[in-house]
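Below: one structure, written as structure tokens.
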Amino acid sequence: MDREQFLRIQSRRKFFRECAGGIGTVALAQLLAGEGRAADTGEQNPLAPRKPHFAPKAKNIIFMFMEGGPSQIDLFDPKPELRKWHGKPLPAEMTKDLRLAFTKPNAAVLASPRTFQPYGQSGIEFSDYIPHIGSCADDLCLVRSMFTDAFNHHPGQLLLFGGSIQVGRPTMGAWVLYGLGSESQNLPGFVVLSSGVGTSGGSSNWSSGFLPSTYQGVVLRSAGDPVLYLSNPAGITREMQRAGLDTLKDLNEEHYAQTGDMEIAARISSYELAFRMQMAGPELLDFSKESPETLAMYGVNEDPTRQFATNCLLARRMVERGVRFVMLNHASWDDHTDLNRKLKKNCDIADKPTAALIKDLKQRGMLKDTLVVWAGEFGRTPMVEIRNPRDADNGGRDHHPLAYSLFLAGGGIKGGTVVGKTDELCMNVTEDKVHVHDLQATILHCLGLEHTRLTFHHMGRDFRLTDVAGSVVNKMLA
Amino acid sequence: MLRTGLLALTFCGLAAAQLPPAAKTKIDFARDIEPLLAKRCLLCHGPQQQMSGFRLDQKDAALKGGASGADILPGKSADSRLIRLVSGLEKKVMPPMGARLTTDEIGLLRAWIDQGVDWSAAKTPHWSFQKIQHPSVPTVRDRAWTRNAIDNFILARLEREAVAPSPEAAKLTLLRRVSLDLTGLPPTPDEVRAYLNDNRPDAYERLVDRLLDSPHYGEKWTRYWLDLARYADSDGYEKDRSRPWAWRYRHWVIDALNRDMPFDEFTTEQLAGDLLPNRNLDTLVATGFNRNTLTNREGGTDPEQFRDEQVLDRAATLGTVWMGLTVGCAQCHNHKFDPISQKEFYQLTAFFNTQEEVNIQAPLPGELGPYLAAKPEYDGKRRALLAEYKIPEALADYESKLREAALHPGNHADWDFAYGEFTHTVDNARKVLFLDPARRSEVQQTAVLDVFLGSCGNLYPKEHCDELKVRDVRAKLNELNAKLPQVSYAPVLLENDTPPKSYIHEKGDWREHGTEVQPGTLAILPPLPAADQAPRLALARWLTSPEHPLTSRVAVNRLWQEIFGRGLVYTSDDFGTQGDRPTHPELLDWLATEFMQRGWSMKQMVRLMVTSATYRQSSHARPELQEKDPGNTLLARQSRLRLPAELIRDEVLYAAGLLDLRIGGRSVKPPQPKGVAELSYAGSVKWDESTGPDRYRRGLYIHFQRTVPYPQLMNFDAPAASLACTRRERTDTPLQALNLMNDPVFFEAAQALAFRILRESTGAFRDRLNYAYAVTLGREPSAREAERMGKYFDDASRDLQAHPQTVAALFPNQLEGVSQAEAAVWVELSRVLLNLDEFITKD
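Just so you know, the sequences run in chain order R and S.
Throughout the first sequence, residue numbering follows our numbering, covering 993 to 1470 in sequence.
Throughout the second sequence, residue numbering follows our numbering, covering 630 to 1472 in sequence.
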């Protein structure tokens, strides 16, 4: 879509209004009354729900972004062979083309001290750090053959969410919202939740890039107003806000009667939606109607899961309320040092709530309509990183773009499967290589979007999330 | 998505008529068909690839058809497979990605086929590469309507289309419109009164001249240039370090625009201010234009990769900003549509590849004297301090280890790490490291010492750093530094004395060096004069040479866009074959010529535009034109445009009497909710709220932190400042409504506005309301508006009687002669006024 279509939509909108009863406040009233039928008036509102390219498997997506690069070797991809190499450098021919962020290719191998065990009917192996995720094995598609082009955080995150290592592209959530619109009448269509520390990419991970800013992610904050400026200023009650909005609406309509500019009508409806968001926000955050079992399952009221669990439960509640794209960040898994301790800390935070989210979605019959993705921007090296030789026992792992793991579940995804293999040392993918662009194409596919057709004309060409690459990975699909 | 709605419409049309009708006009292949094929078909059926064996860039091949036989049957468009494919009548649809062809486009293709598939090569190159003409001003029937030549061009077209222009806007509307356009500030009640009472025939022109002379003109017009310059106050990647001196460049732009620096000089100073024979501090600061590229200091990155990214961005930005060309598309391969080869792109990068980033001492007026007076004593004490703690020896050891790590990485993990840290902290680190310390600049010496003192423990055992008493040295140095009078710095670009060579990057990959290239431009454009001047200076002068077909067109088009809301070429970023053609090509060329003939004076061009009858038209909608001209390209009326983010802030604070009107200077950090900056990488960004008048500075001066920008700017469509932005979107979202209603900054303004109304106006409700309207909208309320506001006043008063406990929160102040409850009601009324669509819109 491009500007011409926007313009035609606008003239269509005007056409709609005039058919509905002529110019003036009467038409406005009708137009606004029609708001509840967003699906019927799709041309009016850039956020109205839109038909996908083909029948989708999933309607919504929860992208759990594990920032920093969780160690696949210690969580998802057991490599017993590493024990033979432990403490020794790898042969030079294996590492000659390797470019790493901090360690040199001649660093010694670090075998994982983790134990792995098979879970479920499918028997997929997971590490002892993530038993809860393991218990969802039969619903998960574990991809062990991911690779990416970037070996640093910010470029890696830009590639994962924007399809390019350059800043300025629209991100996955913005593309999805642009492609599908929002089902929610009173919450934003693309919401961002965060726990831990801030991410390298910051807002560039949920930016609308050169798409209209209507499509950018809205940060739902854990402290203060959940959405910026959602609460009335001190002293303004709900009734006062409503009375003020009624006055504003009448005065705006006066001006509309003089100028005939439909943008005024659009602004009036934006203020109405804002008011509905003010009402819906507190309801979204109110867990009082959740059962004690549910709260316990996520770990909402206990440490160290409290914040992450809250975000997971919020993600479910948002999807229930029609939010199209929930981005759930947790930072940081960037364990260059002290890997065993730091990784355990993050797993203790994320393991139980992640599993609870999947199980909860499933028990409510929502998992089939919801795509869940759990991923970092890259993985970690089989070699040890020692920043300080005087403290060599607390080694970590460096960034590893050539082979890493992630998992998906829910709408369109084949549960209980493993896609791809890496070599014995987890240096490279040996089977079913999946590039980040392929992952993106597959995610869009589950949502009923053909990645080559979801385009926006800008600076002389049609841009898309998958840049000029990407193919759907059929092995991941149900 | 939106497209599906549109498709539904298209399909309805097709169901009725099967095929869109052929256009009735005589087809000109070069004008009507070739650009369409280039834009929508040639990516897959062109020189690079021929999907299904079909090729559409040559007549013979096109008529032969592809794998399914002939796709084009001359004279029989309805039977031609090409038409059936683009119309969605076959199983497959063409093009398979992007928007579908419109019925008009299909109509043109049909007419072309029906008229015999003419394939006359374009006799002339693409319009924007042709020499700028100086067309004669067209004659019009209604000569009385026109005020200057612009109007003849606009009216001639309107008369051809049998559309009458709109009447002139009301005097007040026009006053507010032109005040906002020229200074970004609405007229004050006094200015309104003065203007309404000025009955001289040239009152409007006098007003325009006054506004052009206002120092706020420079502020208003700087913003649009900063969008192009991708100006920001931070690095952009990861830790997103602040750039405390970035504002020096912004200040230079404000000053240049206020002085009406001719656009050719404006261009030369920014691109090559360091190479000018009369180079001075100002021309050096101007080169800050290209310091606005992003910097990646993320640990583990290769500094060369991101230096290279910066160089490429500088070349791409040159293309976008001055030539309206998407030269960056040729990074990986020849441009698919425009005559720009990959080699030519890298020739452009070669102009910038030999520059290096330097932060120079750039004292502001009054700084230098005290600094120089104190410096000798400071230097002596500093040397003594460092010597006392044996720092020079320790530093030498540190540096030798870093040099060793740079030359032979992989031997000491901790040395490698420390070297990596060094390269991401010190500018041009490797070069500095290998430079004889005696030859290092003061900035470089300080930078090296700072890294050592700041991170000693990363390279040495803790005991060693303790022994050196690094902590004490740092404290004493800070103490010493605090006593030295400060001089300001400026980020600039200078020629590197050891310039790297420039190469084509194979497939755009910076590691894959292809052929070496020399600085050069595009073959399609006039040659670069072979004069004895530095290449980059020659480039800057070449851009504004009279023969250059693009620069003047691109520049006036943006001035037009800033004033009329859309350029004569809508795609102000793309004057190539993929961009839109000008809606009024003769007018564009006339303006481009005028611009050069008037000595590249931007103020004169702006004056010409805002004094035209075209500009002075009413913006009221014309229902009869909604179908014919939904985008208002004919300009049969003005456009109503929501104000940009910064001006909304300015206007609110101005009406409230809070706005700080000082011009230029440092960036400020107005209050923002907690939790915004905290979303930065590991919370590394600190937002230290400004105090005093700095809280109320214009939006232009808000510190732009790229990874966590100020929310109000982003809610109202400010660009992300990562790439040159030639055109902002204007969206309308509920987040904007929440922002304007509930942001404490704006609520404080509503309180201040109430205070102002009550203090500066007296009497009955209606008198006060009149004043409230005067300071916000510059007009009186209509009877209906007054009645509605009266009702609101009564309702709100009653409501407050029921909730007296909220009064103090609404209006915490005391004002003599006014009850606090009444004042609180005025806060509520003020809040409504500041949220009116009319208030945040240029009518």
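In this text, a Cβ means the ideal position worked out from N, Cα and C, and glycines have one as well.
Span separating the alpha-carbon of residue i from that of residue j
i, j, result
"Met-1138 (chain R)", "Val-1365 (chain R)", "13 angstroms"
"Trp-756 (chain S)", "Gly-953 (chain S)", "13 angstroms"
"Asn-1420 (chain R)", "Val-1101 (chain R)", "15 angstroms"
"Leu-1382 (chain S)", "Asp-810 (chain S)", "23 angstroms"
"Asp-1141 (chain R)", "Ser-1186 (chain R)", "25 angstroms"
"Asp-1459 (chain R)", "Lys-965 (chain S)", "15 angstroms"
"Val-1376 (chain R)", "Gln-1109 (chain R)", "24 angstroms"
"Asn-925 (chain S)", "Lys-1060 (chain S)", "18 angstroms"
"Ile-969 (chain S)", "Asp-689 (chain S)", "26 angstroms"
"Pro-1120 (chain S)", "Asp-819 (chain S)", "42 angstroms"
"Gln-1208 (chain R)", "Gly-1165 (chain R)", "8 angstroms"
"Pro-1114 (chain S)", "Lys-1004 (chain S)", "9 angstroms"
"Asp-903 (chain S)", "Gln-1334 (chain S)", "28 angstroms"
"Leu-1458 (chain S)", "Thr-1229 (chain R)", "15 angstroms"
Identified DSSP bridge partners for residue i
i, result
"Val-987 (chain S)", "S:Val-1121"
"Cys-1133 (chain R)", "R:Leu-1400 and R:Thr-1409"
"Gly-865 (chain S)", "S:Thr-924"
"Gly-1083 (chain S)", "Looking at the DSSP assignment, Gly-1083 (chain S) forms no beta bridge with any residue, so it has no partner."
"Gly-698 (chain S)", "S:Gly-695"
"Leu-737 (chain S)", "Paired residue(s): none; Leu-737 (chain S) is not in a bridge."
"Leu-1185 (chain R)", "R:Leu-1320"
"Ser-1131 (chain S)", "S:Val-1146"
"Phe-1448 (chain R)", "R:Phe-1455"
"Lys-1471 (chain S)", "S:Leu-1270"
Contacts of residue i in chain S (Cβ-Cβ under 9 angstroms)
i, result
"Lys-1096 (chain R)", "Pro-1038, Gly-1039, Asn-1040, Ala-1042 and Asp-1045"
"Leu-1320 (chain R)", "Within chain S, no residue comes near Leu-1320 (chain R); the closest Cβ sits about 14 angstroms away, beyond 9 angstroms."
"Ile-1256 (chain R)", "Arg-1269, Asp-1466, Glu-1467 and Thr-1470"
Interface residues of chain S facing residue i [CB-CB closer than 8 angstroms]
i, result
"Asn-1303 (chain R)", "Under the 8 angstroms cutoff, chain S gives no residues; its nearest Cβ is about 14 angstroms from Asn-1303 (chain R)."
"Glu-1246 (chain R)", "Ser-1411, Arg-1413, Glu-1414 and Arg-1417"
Proximal chain S residues relative to residue i, where beta-carbon distance stays under 7 angstroms
i, result
"Asp-1242 (chain R)", "Arg-1417"
"Tyr-1396 (chain R)", "Near Tyr-1396 (chain R) there are no residues of chain S at all, since even the closest Cβ is about 16 angstroms away, more than 7 angstroms."
Amino acids of chain R, ordered along the chain, whose beta-carbon sits closer than 7 angstroms to that of residue i
i, result
"Glu-1358 (chain S)", "Pro-1204 and Ser-1205"
"Glu-1457 (chain S)", "Met-1232 and Gly-1236"
"Pro-1120 (chain S)", "Near Pro-1120 (chain S) there are no residues of chain R at all, since even the closest Cβ is about 19 angstroms away, more than 7 angstroms."
"Glu-1307 (chain S)", "Gly-1190"
"Val-1337 (chain S)", "Gly-1194 and Ser-1195"
Cβ-heavy atom distance, residue i to the ligand NAD, below 7 angstroms
i, result
"Asp-869 (chain S)", "Within the structure as shown, the ligand NAD is missing, as the structure has no ligands at all."
Contacts of residue i in chain R (Cβ-Cβ under 9 angstroms)
i, result
"Met-952 (chain S)", "Chain R residues near Met-952 (chain S): none, gap ~13 angstroms exceeds 9 angstroms."
"Asp-1346 (chain S)", "Pro-1204 and Ser-1205"
"His-1213 (chain S)", "The contacting residues do not exist; His-1213 (chain S) stays about 18 angstroms from chain R at best."
Chain R contact residues for residue i, given Cβ-Cβ distances below 8 angstroms
i, result
"Leu-1367 (chain S)", "Val-1219, Leu-1220, Tyr-1221, Leu-1222, Ala-1266, Met-1269 and Gln-1270"
Please list, in chain order, the residues of the stretch 1309-1321 of chain S that have any C-beta partner in chain R closer than 9 angstroms. Here the close residues are Ser-1309, Tyr-1310, Ala-1311, Gly-1312, Ser-1313 and Val-1314.
Measuring CB atoms only, is the stretch 1312-1322 of chain R touching the stretch 1040-1054 of chain R, in the sense that at least three cross pairs come out at less than 8 angstroms? Of all C-beta pairs linking the stretch 1312-1322 of chain R to the stretch 1040-1054 of chain R, three or more are shorter than 8 angstroms, placing the two stretches in contact.
Taking a Cβ distance cut-off of 8 angstroms, strictly less, list which residues of the stretch 860-871 of chain S are near chain R, in chain order. Taking 8 angstroms as the cut-off between beta carbons, the residues of the stretch 860-871 of chain S near chain R are Gly-865, Tyr-866, Glu-867 and Asp-869, in sequence order.
Cβ-based contacts, 7 angstroms cut-off: residues of the stretch 1367-1379 of chain R near chain S: The stretch 1367-1379 of chain R vs chain S, Cβ under 7 angstroms: Ile-1378 and Arg-1379.
Between the stretch 1263-1276 of chain R and chain S, which residues of the former have CB atoms less than 9 angstroms from a CB of the latter, in chain order? For the stretch 1263-1276 of chain R, the set of residues with a beta-carbon nearer than 9 angstroms to any beta-carbon of chain S comprises Tyr-1263, Glu-1264, Leu-1265, Ala-1266, Phe-1267, Arg-1268, Met-1269 and Gln-1270, in chain order.
Evaluate contact between the stretch 1132-1144 of chain S and the stretch 987-996 of chain S, counting only Cβ atoms and requiring at least three cross-stretch pairs below 8 angstroms. Under the three-pair Cβ rule at 8 angstroms, the stretch 1132-1144 of chain S does not count as touching the stretch 987-996 of chain S.
Could you name the residues of the stretch 1246-1262 of chain S whose beta carbon sits closer than 7 angstroms to any beta carbon of chain R, in the order they occur along the chain? Taking 7 angstroms as the Cβ-Cβ cut-off against chain R, the residues of the stretch 1246-1262 of chain S that qualify are Ser-1248, His-1249, Ala-1250, Pro-1252, Gln-1255, Glu-1256, Pro-1259 and Gly-1260.
Pull out every residue of the stretch 1067-1094 of chain S whose Cβ sits closer than 9 angstroms to any Cβ of chain R, in chain order. Listed in sequence order: Gly-1086, Asn-1087, Pro-1090 and Lys-1091.
Contact list for the stretch 1220-1231 of chain R against chain S, Cβ threshold 8 angstroms: For the stretch 1220-1231 of chain R, which is checked against every Cβ of chain S, the residues closer than 8 angstroms are Leu-1220, Tyr-1221, Leu-1222, Ser-1223, Asn-1224, Pro-1225, Ala-1226, Gly-1227, Ile-1228, Thr-1229 and Glu-1231.
Do the stretch 1366-1374 of chain S and the stretch 1214-1224 of chain R make contact, defined as three or more Cβ pairs closer than 8 angstroms? Enough Cβ pairs lie closer than 8 angstroms, so yes.
Check whether the stretch 1156-1166 of chain R and the stretch 1340-1351 of chain S touch, using three or more Cβ-Cβ pairs below 8 angstroms as the test. Counting C-beta pairs with one atom in each stretch, the stretch 1156-1166 of chain R and the stretch 1340-1351 of chain S have three or more that are closer than 8 angstroms, which means they touch.
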